[in-house]
Structures are given as structure tokens and as C-alpha cells.
Amino acid sequence: MIDNDLLLRTINKESVERPPIWLMRQAGRILPEYRAIRSSLSGFIELVTTPHLAAEVTVQPVDILGVDAAIIFSDILVIPECMGLEYELIEKKGPYFPKTIKTKADIDKLISGKPAAEKLAYVYDALTLTKKELNGRVPLIGFAGAPWTLMSYMIEGQGSKTFSKAKAFLYKEPELAHLLLEKITVTIIEYLKLKKANGADVLQIFDSWAGMLNADLYAEFCIPYIKRILEEVTGVPKIVFSKGAYFSMNEIVGLGADVVGLDWTYDPSKFRAQFGSEQVIQGNLDPCVLYGAPEDVGNAALEMISEFGGRHICNLGHGVYPDTPLENVKHLINTVKSYKY
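Under the working numbering, the first residue of the sequence shown is numbered 1142, with each subsequent residue one higher.
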């Protein structure tokens, strides 16, 4: 039994008094309480791999901001790591893989499926501890990176403005690309099943680098694998967020996910005109709106809610940026919570 079940009722298309709100990257550097914990550790990875601390920072936004859902504090790159590709997180630069995927031999070395997913016990322990700490207050969201996004890092070795190495792999080695995507996909499936088993009430698939592709590439190398994840991970609501993939929205909506996430480039009114009023949508306020005046933040939130017209989970069009003014984040949340349908 969950006391604040607004998110779950919205996903189930039940009547709700207002839209629920949570924010991608809500557990993080906007909160002084998070920074205090983070400063005492060797690095980000220590926080991710220490269950009681990951649980603590997961719950912080519920206590401090009053959001309608918690999302487990973790990282999408735990999947490549459990498959045998270790990564580092370099301060102010981001993730870095000392070894990358270049050949079939590299792919063959990767562990996949359940044996890989079972290595991430620290994630499942964090979910269990978080669920206990939440004590039924709000739902708990688990997540995974989508296959293409994870493959991008595994080939590129780090973040990139173009992911040209990863994209070149699709063109030069399509068979190997499918082989790698298959191994990643079966690992994600087992990972999300274990997240559900350890307390996740909702699951989100992040395709952060979807916008690097075009419609043809997304149709071949992304849609079939996301579809398989949605079909094989059952009994839990699922959100698909493909950032920048406006060109494939027909296919994304056609996947049948419970919720479709939109980034800030997609006009809510146009989405409703094309896909109707019944599809549950998540998003899509530009994170940079939160740098503006509080009054403008509130007005932007109200305009967004009005344009979606119901069946809507309020969120940003991507994660909250670390230097975002905390008071503006609170103002956004309070504006949404004071709204009445």
C-alpha cells in the first residue's frame, strides 16, 4: 500500500486531482544534504556501490522537496560494468572506460544475461533499504539505460558530442552491433526483473543518446531491443524516454509503453494532436527554465500542464542541472502540487 499513489494512478489512467511530479536527477548536487555525503567519499562510484548511502540520497528529495516519487540513486553504466567493462567517473569530465569494444573477440568476452545482472547486488540491496525507509510514502522508480545508449559508451569509451565511433560501428559492423546490442538487452532484462523483485514500483528506460541517430538507424538498432525489454519485463509499469528522438515518435508510441517521456523540444499540443489524449506522457519542461525568475518558472509549469491536458507526469525534459537554484526547484514542485484539475 502506497500513501501517495498519484504517480501510479496517473500511469493507470485513473482519475487524479493533480499531475504528479518528480525530477530526473532529483537525487544529486542541487541538495546540500547530498553534497555533504558526497564530500566524505572517495568518489561517485563509492556512493553508487554503498547501499545504505544510495538509499539515503534516494530518499532525500522525498523528505526535502516533497516529490511524488523516489528514483533509486544509481548509474546506467553499472550494466557495462557487470558485463565486464569497468568504468571510472572522472570529476568534471564524466565516465571513462579504460577498455572499449572494438572487435567480435571483445564482444565474446562480455558476460550477459542473469549471470551479469546478479553481480549488481549492491543495487538491489539499495532498493530494498530504500523501500523500507520510504515506508509506503511514495512509489520507487528503478531504471536502466537503453541498449544503444549503453553501447555508445562501451564503444566510444566516454561521453561525446557526436558519438562518431559508436555510430560508425553501426555502419561498418552492423552484424557485430546487433550481437553487442543483444548481449546488452538480455542483461538489461534480467537487471530490471531483479529491480522489480527488490521493490521497484515503476521502471524507466533512458535512451539518452537516441537523438544521435536518424529514423532508419533508430528503427534498426533501437526500437526492436526496447520492444523486447518492454515485452519481457512484465508486471510493472514502464516509462520509455528517448531523448531527441522526435523523428521516431510514431515508433516509440507504438511500442506500447505505459508512459512516453518527452524532452523539451517536443511541443505538448502537437503531441496530443497527433497521438491523442489517452497516452500518458512524462515531461517536458526545459531544465534551463529553472534558471529564470521564480514567477517565470511557475508560469512555464502551468502552461505545460495546460498544454498536456491530463494523463501527464510533470518532469523536466532531461535531468536537473547541478547548479540549478534550489529555490526554483522547490517553486516548480510547489506550483505543480498546488494545481487542481
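Using N, Cα and C, we set each Cβ at its ideal position, and we do this for glycine too.
These numbers were taken from a predicted model, which means no experiment stands behind them.
ILE1213 has no beta-bridge partner at all, per DSSP.
Secondary structure note for CYS1455: its beta strand (DSSP E) is the uninterrupted segment 1453-1457.
In this model, PHE1185 and LYS1313 are separated by some 35 Å (Cα to Cα). The count of Cβ pairs closer than 8 Å, one atom from the segment 1142-1149 and one from the segment 1434-1453, stays below three, leaving the stretches out of contact. When C-alpha distances from THR1406 are compared across GLY1286, ALA1177, GLY1458, the shortest belongs to GLY1458.
Within the segment 1195-1239, the complete beta strand (DSSP E) runs of at least 3 residues fall at 1229-1231, 1235-1237.
Boundaries of the alpha helix (DSSP H) around LYS1336: 1315-1338. Unbroken alpha helix (DSSP H) stretches of 4 residues or longer found wholly inside the segment 1351-1421: 1356-1362, 1364-1373, 1390-1395, 1409-1416, given in chain order. According to the DSSP assignment, ASP1266 belongs to no beta strand (DSSP E) but to the alpha helix (DSSP H) extending over 1262-1275. Residues of the same chain with a CB within less than 7 Å of the CB of GLU1174, apart from the 5 flanking positions on each side, are GLN1201, ILE1205 in chain order. Per DSSP, the continuous beta strand (DSSP E) segment holding ALA1285 begins and ends at 1281-1286.
VAL1381 is not a Cβ neighbour of LEU1333, given a cutoff of 8 Å. The bridge partners DSSP lists for LEU1426 are LEU1457. Where VAL1438 is concerned, the enclosing alpha helix (DSSP H) starts and stops at 1435-1449. For the 8 Å CB-CB criterion, SER1293 and ALA1307 form a contact.
The C-beta distance from VAL1394 to ILE1152 rounds to 15 Å, too long to fall under 8 Å, and the pair is not in contact. Judged by DSSP secondary structure, VAL1157 falls outside any beta strand (DSSP E); it is assigned neither H nor E. A distance of 8 Å or more separates the beta carbons of ILE1162 and ILE1212.
Taking the Cα of THR1328 as reference, the smallest distance to any Cα among GLU1392, GLY1235, PRO1221, ASP1342 is reached at PRO1221.
At the C-beta level, ARG1452 and GLU1419 come within 8 Å of one another. About 5 Å separates the beta carbons of THR1290 and ASP1348, which is inside the 8 Å limit, making them a contact pair. Exposed is the label assigned to MET1142, since fewer than 16 other Cβ atoms lie within 10 Å of its Cβ. Three or more pairs of CB atoms, one per stretch, sit closer than 8 Å, so the segment 1266-1275 contacts the segment 1192-1200. In this structure GLN1415 is exposed. Its beta-carbon is surrounded by fewer than 16 other beta-carbon atoms within 10 angstroms.
By the Cβ neighbour-count rule, CYS1455 is buried, with 16 or more other Cβ atoms within 10 Å of its own. Residues VAL1430, LEU1431, ASN1469, HIS1472, LEU1473, THR1476 of the same chain have their beta carbon placed closer than 8 Å to that of VAL1438, with the five preceding and five following residues left out of the count.
Under the 10 Å beta carbon count, GLU1316 is surrounded by fewer than 16 other beta carbons and is classified as exposed. Between the alpha carbons of GLU1448 and GLY1424 lies a distance of about 12 Å. Boundaries of the beta strand (DSSP E) around ILE1346: 1343-1348.
For SER1305 and PHE1388, the gap between their C-alpha atoms comes out near 19 Å.
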